[in-house]
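Student: Residue numbers (our numbering): 1243 to 1503.
There's a structure below that I have some questions on.
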Amino acid sequence: MQTIKRGSKGEAVRKMQRLLIAAGYSLPKYGADGTFGAESESALREFQSDNGLSADGICGPKTWAALQAKGAGETIRRGSKGEAVREMQQLLIAAGYALPKYGADGSFGAESEEALRKFQEANGLAVDGICGPKTWAALQAGDEPGTEHFKLREFGCRDGSAVPREYWGNVRALMAELEKIRAVWGKPIIINSGYRTKTYNQQCGGAKASQHLTANAVDISVQGVAPSTVYNKLNAMYPDQGLGKYAGFTHLDLRGYRARW
């Protein structure tokens, strides 16, 4: 990571701030806003002093290493409160896991636990609803979704538009399911359609409330496997999701309730 100090701005600063908050060094006034100001410098100096580092307020290699080791160390769970909880909630929201009722209020309740469990499941983590080191690391990574066999670009709109960051959580969930489907036949999966912009969805005759609009759906084919065979298998695998049978592909969406056409 680059060396940053007071006056720096950008994603590196935001990451430092998130690590500070997760390590228990609150930034109550500005939070992880991506601007390295007096509040961030004060918190960083305190962190450096507490961890045997030169308290110069500059985040260089040694401080980065210490932050990355300590910043994922505070375990929080249902019932926890404070800045670390608020940061977790903000990261969940940024990853596409909405908290419509309470938002990032700093209180770890049922809504936050449910969202965290969904995030953990989509990212191959233990689904325990507890934000420990591995879950913090995944939340803080800020990397685009990706698995062994699938990349984010495969889910982009066919008009060239990328999947908006707010829908990355949906893509992660789809990727996890596509890996399961791929394992059934051990053959490549071709994504014919993933995310759609509103304009493109209208142009291709998609439903007004299509799951494709939020990157919560994929139209797929499996290399060397008949579409009817794929549909029949997915019909058994996903009794409570959306499934559509077409001549050349199968539609799958994770709407959370049964739909067939």
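Every residue, glycine too, gets a C-beta built ideally from N, C-alpha and C.
It should be emphasised that the depicted structure is a prediction, and the values quoted were computed from it without experimental measurement.
1) Under DSSP, the alpha helix (DSSP H) around alanine 1254 begins and ends at which residues?
2) According to DSSP, is glycine 1411 part of a helix, a strand, or is it coil?
3) The beta strand (DSSP E) spanning lysine 1440 covers which residue range?
4) Look at glycine 1351 and arginine 1328 and say whether their C-beta atoms are less than 8 Å apart.
5) Does DSSP classify aspartate 1347 as helix, strand or coil?
6) Can you say whether glycine 1428 is buried or exposed, counting buried as having 16 or more other CB atoms within 10 angstroms of its CB?
7) Helix, strand or coil: which one does DSSP assign to serine 1296?
8) Between phenylalanine 1278 and lysine 1247, which are expected to be in contact by the criterion C-beta below 8 Å, what is the C-beta distance as a whole number of angstroms?
9) Can you tell me which residues form a DSSP beta bridge with arginine 1502?
10) Output the boundary residues of the beta strand (DSSP E) element that contains alanine 1459.
11) Among the candidates Ile1432, Gly1490, Glu1419, Ala1489, whose CA atom is the shortest distance from the CA of asparagine 1458?
12) If you draw a straight line from the C-alpha of threonine 1439 to the C-alpha of alanine 1326, how long is it?
13) Bridge partners of glycine 1388, per DSSP?
14) For alanine 1404 and leucine 1416, I'd like the C-alpha separation in whole angstroms.
15) Kindly identify the DSSP beta-bridge partner or partners of histidine 1493.
16) According to DSSP, is isoleucine 1432 part of a helix, a strand, or is it coil?
17) Is it the case that the segment 1391-1409 contacts the segment 1372-1381, given that we only count it when at least three CB pairs across the two stretches are under 8 Å?
18) Could you give the residue range of the alpha helix (DSSP H) that holds glutamate 1325?
Tutor: In short, the structure shows the following:
1) As a working mapping, residue 1254 is identified with position 12 in the sequence shown. Per DSSP, alanine 1254 belongs to the alpha helix (DSSP H) from 1253-1264.
2) If you number the sequence shown from 1, residue 1411 lands on position 169. Three-state result, glycine 1411: helix.
3) Taking the first residue of the sequence shown as position 1, residue 1440 is located at position 198. It is not in any beta strand (DSSP E) - lysine 1440 instead sits in the alpha helix (DSSP H) that spans 1440-1445.
4) On the sequence shown, residue 1351 is found 109 positions in, with the first residue counted as 1. On the sequence shown, residue 1328 is found 86 positions in, with the first residue counted as 1. Not in contact: glycine 1351 and arginine 1328 (Cβ atoms no closer than 8 Å).
5) Position 105 of the sequence shown, counted from the start, is the residue given in the question as residue 1347. Coil.
6) Within the sequence shown, residue 1428 is the residue found at index 186, counting from 1. By the neighbour-count rule (16 or more Cβ atoms within 10 Å), glycine 1428 is not buried but exposed.
7) As a working note, residue 1296 is residue 54 in the sequence shown. Serine 1296: coil per DSSP, three-state reduction.
8) Along the sequence shown, read from residue 1 onward, the residue named residue 1278 stands at position 36. Along the sequence shown, read from residue 1 onward, the residue named residue 1247 stands at position 5. With a Cβ gap of about 6 Å, phenylalanine 1278 and lysine 1247 count as contacting.
9) Residue numbering aside, residue 1502 sits at position 260 when the sequence shown is read from its first letter. The partner list for arginine 1502 (beta bridge, DSSP) reads Leu1485.
10) For the purposes of this step, residue 1459 is taken as residue 217 along the sequence shown, with counting starting at 1. 1459-1464 is the extent of the beta strand (DSSP E) around alanine 1459.
11) Reading the sequence shown from its first residue, position 216 is the one you call residue 1458. Checked all of Ile1432, Gly1490, Glu1419, Ala1489; the closest Cα to asparagine 1458 is Glu1419.
12) Taking the sequence shown and counting its residues from 1, one reaches residue 1439 at position 197. Taking the sequence shown and counting its residues from 1, one reaches residue 1326 at position 84. Looking at the two C-alpha atoms, the distance is approximately 35 Å.
13) Within the sequence shown, residue 1388 is the residue found at index 146, counting from 1. Note: glycine 1388 sits in a beta bridge opposite Lys1393.
14) Here residue 1404 is taken as the residue at index 162 of the sequence shown, counted from 1. Here residue 1416 is taken as the residue at index 174 of the sequence shown, counted from 1. Taking the straight line joining both Cα atoms gives about 16 Å.
15) To locate residue 1493, count along the sequence shown from 1; it is residue 251. In the DSSP output, where bridge partners are listed per residue, histidine 1493 has Asp1461, Gly1486.
16) Locating residue 1432 in the sequence shown gives position 190, counting from the first residue. If DSSP states are grouped into helix, strand and coil, isoleucine 1432 belongs with the strands.
17) no
18) Reading the sequence shown from its first residue, position 83 is the one you call residue 1325. Counting along the chain, the alpha helix (DSSP H) containing glutamate 1325 begins and ends at 1325-1336.
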